[in-house]
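Peer 1: Numbering-wise (UniProt numbering), the sequence shown opens with residue 1 and increments by one.
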Amino acid sequence: MYVCLCKGVSDRKIRESVEGGARSWREVQQETGCGTQCGKCACVGKTITREAIKAEVMASACDLAYAV
């Protein structure tokens, strides 16, 4: 689904940005441009970013648990 129509950013692009190493809304904005034009998409973009970061952190924490 498109989150930012002004810049053509989808929820998939936001998740890919987080998978690529972005760990804050500001970093996602810099990479994708989401929320930098009119700002109407910022709340949804932040929510998707927050959920994606939480999923990435949990996945890496699970990997560490078995690294013995």
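Note that beta-carbon positions come from the ideal geometry of N, C-alpha and C, so glycine has one too.
For R15, does the count of other Cβ atoms within 10 angstroms reach 16, so buried, or fall short, so exposed?
Peer 2: As a working note, residue 15 is residue 15 in the sequence shown. Buried is the call here.
Peer 1: Taking the C-alpha atoms as reference points, what is the distance between K46 and A61?
Peer 2: In the sequence shown, the residue the question calls residue 46 occupies position 46. In the sequence shown, the residue the question calls residue 61 occupies position 61. So the two alpha carbons sit approximately 22 Å from each other.
Peer 1: Name the residue from R50, C38 and K40 whose alpha carbon lies nearest to the alpha carbon of V28.
Peer 2: Within the sequence shown, numbered from 1, the residue matching residue 28 stands at position 28. Here the closest residue by C-alpha is R50.
Peer 1: Which value, in whole angstroms, describes the spacing of the CA atoms of G33 and I53?
Peer 2: One-based indexing of the sequence shown puts residue 33 at position 33. One-based indexing of the sequence shown puts residue 53 at position 53. Using only the alpha carbons, I get a separation of about 18 Å.
Peer 1: Tell me whether C34 sits in a helix, a strand or coil according to DSSP, three-state version.
Peer 2: As a first step, residue 34 is located in the sequence shown; it is residue number 34 there, counting from the start. Coil.
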